[in-house]
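FYI, the numbering for the sequence shown is 1 to 315, going by full-length UniProt numbering.
Here the structure is laid out as structure tokens; the discussion comes afterwards.
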Amino acid sequence: MTDPISPNLHLSGSSPSIEPPAASTAQTLSSADPAQARAAVDALSAPQLSGLRSEVEAMPVAERETLANELAGKLDAPQLRKLEAAFGRDGIAAAVERRSGPEVRAAYAEGADDGLADTAEGLIGRLKDWLGLDERARGDTEEISATVTNPDTGEVNDARWTVDDEGRPIHAEGTLRTVFSGIERSDDETQAQRTAADRGVEGDQGGHVFGHRFVTDQGLKNLFPQNGNFNMGAYKTLENEWAAWVDKGMDVRISIDLTPQDADRPDRVRISYDVIDPVDGGRVYDQRVTFENRAGQSYDRVDAGQMDDLIAAAS
Numbered sequence: 001m002t003d004p005i006s007p008n009l010h011l012s013g014s015s016p017s018i019e020p021p022a023a024s025t026a027q028t029l030s031s032a033d034p035a036q037a038r039a040a041v042d043a044l045s046a047p048q049l050s051g052l053r054s055e056v057e058a059m060p061v062a063e064r065e066t067l068a069n070e071l072a073g074k075l076d077a078p079q080l081r082k083l084e085a086a087f088g089r090d091g092i093a094a095a096v097e098r099r100s101g102p103e104v105r106a107a108y109a110e111g112a113d114d115g116l117a118d119t120a121e122g123l124i125g126r127l128k129d130w131l132g133l134d135e136r137a138r139g140d141t142e143e144i145s146a147t148v149t150n151p152d153t154g155e156v157n158d159a160r161w162t163v164d165d166e167g168r169p170i171h172a173e174g175t176l177r178t179v180f181s182g183i184e185r186s187d188d189e190t191q192a193q194r195t196a197a198d199r200g201v202e203g204d205q206g207g208h209v210f211g212h213r214f215v216t217d218q219g220l221k222n223l224f225p226q227n228g229n230f231n232m233g234a235y236k237t238l239e240n241e242w243a244a245w246v247d248k249g250m251d252v253r254i255s256i257d258l259t260p261q262d263a264d265r266p267d268r269v270r271i272s273y274d275v276i277d278p279v280d281g282g283r284v285y286d287q288r289v290t291f292e293n294r295a296g297q298s299y300d301r302v303d304a305g306q307m308d309d310l311i312a313a314a315s
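Structure, rendered in structure tokens:
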């Protein structure tokens, strides 16, 4: 978003002009040339790094990945490893694979245990990252990440859930690149679905935040009490649309919020997603929709012909 432009007039007898707010750390890094960006990241203190993480978490998924890609194209391995604390290890590693040169990719891989791990604080943060937990204190929530690889194609889906102190999902983000077929649900997954349904009301099912065909067995972090009609109707229609975009060769980046938080059963499901062409990183389509967790919800999906037209128009 572009900041509004204000005239900087200072007339006799008038109040001095107000200076515009300082650019955020994310904006500074995005606009800096490579040398400036490396110096800026090297100079980031722990509080500044924590502030950058807050900025990154507030971004839509597409903007976050775009910024990570930009930085991967102009930073060296030490700075990229430092930014794992703001973007997460998976986010930086994926950006390095997409945009860094071969020397930086090699140095990043070789130095995976260096950098912040030299200090006790850095080691604790890195251990939390390995475990899929949020690095900084966040009250009664924690983040859990998963990377799921399709054995048939080698394509990878990434997902991250924010859960409360009882393990109930309140937020999730993911990038879908493949659809699993013929994957049976384990007994543990089926039991987890029953447990999730039991937290709800009559007529609820253990509904998946991300469909099983996208992330396979993930247990309670990926389940919530969902009205059965909503689960098998509008929500399934939306998931079918995601699967169709993936079948067209697109990446689907999704953000999901369940509200209210700290409740056994969410009343509302807010979803935003962007369709990205992995060839050039361009946005093909985006959608924002909010559902009530009750019967009678509807969703008008994009059909195959419209998808083809949108992909062609974005090329």
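Each residue gets a CB set at the ideal place from its N, CA and C atoms; glycine is no exception.
Tell me the DSSP secondary structure of residue i in three-state form.
i, result
"D277", "coil"
"G207", "strand"
"D90", "helix"
"E173", "strand"
"S298", "coil"
"E135", "Here E135 scores only 41 on pLDDT, less than 50, and its place in the model should not be relied on; the value that follows carries that caveat. Three-state result, E135: coil."
"N227", "strand"
"S31", "helix"
"R288", "strand"
"L258", "strand"
"D158", "strand"
"E166", "coil"
"D140", "coil"
"T216", "coil"
"V201", "coil"
"residue 318", "Only positions 1 to 315 of the chain appear in the structure, and residue 318 is not among them; the question remains open."
"A244", "helix"
"T190", "helix"
"M1", "Caution applies to M1, whose pLDDT of 40 falls short of 50 and renders its modelled position unreliable; the model cannot decide the point."
"V179", "coil"
"D309", "helix"
"T153", "coil"
"A234", "helix"
"A120", "Reliability of the predicted coordinates at A120 is poor, the pLDDT of 40 falling under 50, and the value obtained from them is presented with this limitation in mind. Of the three classes helix, strand and coil, the one that applies to A120 here is helix, per DSSP."
"S54", "helix"
"residue 387", "The shown model of the chain, from 1 to 315, leaves out residue 387, and the question about it has no answer."
"D42", "helix"
"residue 321", "As displayed, the chain neither begins before 1 nor continues past 315, which places residue 321 out of reach and without an answer."
"R105", "helix"
"R253", "strand"
Would residue i and residue j qualify as a contact pair, given that the criterion is a beta-carbon distance under 7 Å?
i, j, result
"V41", "A77", "no"
"A72", "G91", "no"
"L75", "R99", "no"
"D274", "R301", "no"
"S30", "E65", "no"
"I276", "D251", "yes"
"A314", "V284", "yes"
"I170", "Q79", "no"
"Q193", "G206", "yes"
"L258", "F224", "yes"
"D165", "D187", "no"
Once the 5 residues before and after residue i are set aside, which same chain residues still bring their CB inside 6 Å of it?
i, result
"A172", "W161, V209 and I256"
"S24", "E55"
"A107", "A77"
"E189", "D217"
"I271", "I256 and V289"
"D309", "none"
"F214", "N157 and L176"
"G211", "E239"
"T237", "Y299 and R301"
"Q191", "none"
"Q287", "Y273"
"A95", "A68, N69 and A72"
Leaving aside the five residues before and after residue i along the sequence, list all residues of the same chain whose C-beta is less than 7 Å from its C-beta, in chain order.
i, result
"M307", "A244, W245 and K248"
"N240", "R301"
"G51", "T25"
"T147", "D90, V156 and D158"
"residue 318", "The structure shown does not extend to residue 318, since the chain is modelled only from 1 through 315, so no value can be given for it."
"T149", "V156"
"L49", "A85 and A86"
So, at 8 Å on beta carbons, what are the nonlocal neighbours of residue i in its own chain, with the 5 sequence-adjacent residues on each side left out?
i, result
"T153", "T178"
"Q36", "none"
"E184", "none"
"P278", "R177, G249, M250 and D251"
"Y44", "For clarity, residue 44 is Leu in the given sequence; the question names Tyr instead. These residues qualify, in order along the chain: T25, L52 and K82."
Determine whether the Cβ of residue i lies closer than 7 Å to any Cβ atom of chain D.
i, result
"E63", "In the structure shown, chain D cannot be found, because there is only a single protein chain."
Sufficient close CB pairs (3 or more, under 8 Å) joining the region 233-240 to the region 296-304: Under the Cβ criterion (8 Å, minimum of three pairs), the region 233-240 counts as touching the region 296-304.
Three CB pairs or more closer than 8 Å across the region 215-223 and the region 155-163: Three or more Cβ pairs drawn from the region 215-223 and the region 155-163 lie within less than 8 Å of each other, which places the two stretches in contact.
Sufficient close CB pairs (3 or more, under 8 Å) joining the region 84-92 to the region 190-201: The region 84-92 is not in contact with the region 190-201.
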